[in-house]
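Chemist: Dropping a structure here in structure tokens format, bear with me for questions.
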Amino acid sequence: MTAKEIRQSFKDYFESKNHKIVPSAPMVIKDDPTLMFTNAGMNQFKDIILGNVPIQYPRVADSQKCLRVSGKHNDLEEVGHDTYHHTMFEMLGNWSFGDYFKAEAIAWAWEYLTEVLKLDKGRFYVTVFEGSEKEGLMRDDEAAAIWEKFVPKDRILNGNKKDNFWEMGDTGPCGPCSEIHIDLRSDEERAAIDGKTLVNKDNPLVIEIWNNVFMQYNRKADGTLEPLPNKVIDTGMGFERLCMAVQGKKSNYDTDVFTPIIKEIEKITGYEYTV
Ligand code: SER
408 MTAKEIRQSF KDYFESKNHK IVPSAPMVIK DDPTLMFTNA GMNQFKDIIL GNVPIQYPRV
468 ADSQKCLRVS GKHNDLEEVG HDTYHHTMFE MLGNWSFGDY FKAEAIAWAW EYLTEVLKLD
528 KGRFYVTVFE GSEKEGLMRD DEAAAIWEKF VPKDRILNGN KKDNFWEMGD TGPCGPCSEI
588 HIDLRSDEER AAIDGKTLVN KDNPLVIEIW NNVFMQYNRK ADGTLEPLPN KVIDTGMGFE
648 RLCMAVQGKK SNYDTDVFTP IIKEIEKITG YEYTV
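According to our numbering, the residues represented by the sequence shown are 408 to 682, in order.
Below, the structure written as structure tokens:
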């Protein structure tokens, strides 16, 4: 599948699950003093999530252009050093505002990856929030139990607050999350080292591709968590990483998201692209 077809298949899949497909919001945020650039698909829905504006469509999906070059979610130091972080990237996402919750979000993420895109089920690992005594939050046993329907128990890993409690910024919507990681290493490498020991360890071929956030709180300026008016699903999948997985590449830059641009640069500059 080409990148264009992959993007379209995501939208088609969630449209078939009664989601309204909306356009990407601008990358420069105009009306939120807490954030300069769009850093996640949920930014444009912040006021809906907080209950400040009415819900127009309870189910929404899109592909959002994002920048993570400053603030809480800053990838700038990785760009140019690895094969899977970018300044600007696209995030595929689906949302539920007070409609479906963990069971549907997890089942659909799994179905889309393994039945629609036919990615190998044996290459996936998932994480769930381990809980936090400081925040007074329990382990997300509910998400773990749902995952058990799809993946073996030893591939469901606990994650800490840094990796498994997603927050938009210092304040704003937040909640426990469940990440889906994929192991793109060769069979020999996978046989030699168990993929689960490489999850969240900066291995360029064992990477997070999709984050499912179960938003239930608003982080206040004083640090406390206030329950949201509705339970919200907020998912974000790295489009360029997904293309790498589907197209069987070892680097995002080898997908057709980038190769036409790189070829054109080679033509203009007369230099050959080498890794
Ligand atoms: N907001 C979450 C993230 O950016 C999920 O979309 O990872």
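Glycine included, every Cβ here is placed at the ideal spot set by N, Cα and C.
Note that the coordinates shown come from a computational prediction; the quantities given were computed from them, not determined experimentally.
Output the distance between the C-alpha atoms of residue 650 and residue 415, rounded to the nearest integer angstrom.
Modeler: The count along the sequence shown starts at 1 and reaches residue 650 at position 243. The count along the sequence shown starts at 1 and reaches residue 415 at position 8. Distance between the alpha carbons of residue 650 and residue 415: 12 Å.
Chemist: Using DSSP bridges, identify the partner residues of residue 534.
Modeler: Reading the sequence shown from its first residue, position 127 is the one you call residue 534. Paired residues: 564.
Chemist: Tell me which residues share the same chain as residue 565 and place their Cβ nearer than 6 Å to its Cβ, disregarding the 5 neighbours each side in the sequence.
Modeler: Working through the sequence shown from its first residue, we reach residue 565 at position 158. Contacts found: 537.
Chemist: Measuring straight from C-alpha to C-alpha, what distance separates residue 619 and residue 669?
Modeler: Here residue 619 refers to the residue found at position 212 when the sequence shown is read from its first residue. Here residue 669 refers to the residue found at position 262 when the sequence shown is read from its first residue. Distance between the alpha carbons of residue 619 and residue 669 is about 32 Å.
Chemist: With a CB to CB cut of under 8 Å and the five nearest residues on each side skipped, what residues in its chain are close to residue 659?
Modeler: As a first step, residue 659 is located in the sequence shown; it is residue number 252 there, counting from the start. Same-chain partners within the cutoff: 490, 491, 493, 647, 648, 650, 651, 665.
Chemist: Determine, using beta carbons only, whether residue 488 and residue 446 come nearer to each other than 9 Å.
Modeler: Residue 488 sits at position 81 when you count from the first residue of the sequence shown. Residue 446 sits at position 39 when you count from the first residue of the sequence shown. No, Cβ-Cβ distance for residue 488 and residue 446 is not below 9 Å.
Chemist: Could you check what DSSP says for residue 449 in three-state terms: helix, strand or coil?
Modeler: If you number the sequence shown from 1, residue 449 lands on position 42. Reduced to three states, the DSSP call for residue 449 is helix.
Chemist: Excluding the 5 residues flanking residue 509 on each side, which residues of the same chain have their C-beta closer than 7 Å to its C-beta?
Modeler: On the sequence shown, position 102 is the one that residue 509 refers to. 549, 550, 553, 621.
Chemist: Would residue 454 be called buried (16 or more neighbouring beta carbons within 10 Å of its own) or exposed?
Modeler: Here residue 454 refers to the residue found at position 47 when the sequence shown is read from its first residue. Burial call: exposed.
Chemist: According to DSSP, what are the bridge partners of residue 497?
Modeler: Walking along the sequence shown from the start, residue 497 turns up at place 90. Paired residues: 472.
Chemist: Quick check on this structure: which residue in 673, 632, 607, 640 has the alpha carbon closest to the alpha carbon of residue 515?
Modeler: Locating residue 515 in the sequence shown gives position 108, where the first residue counts as 1. If we check each option's Cα against that of residue 515, 640 comes out closest.
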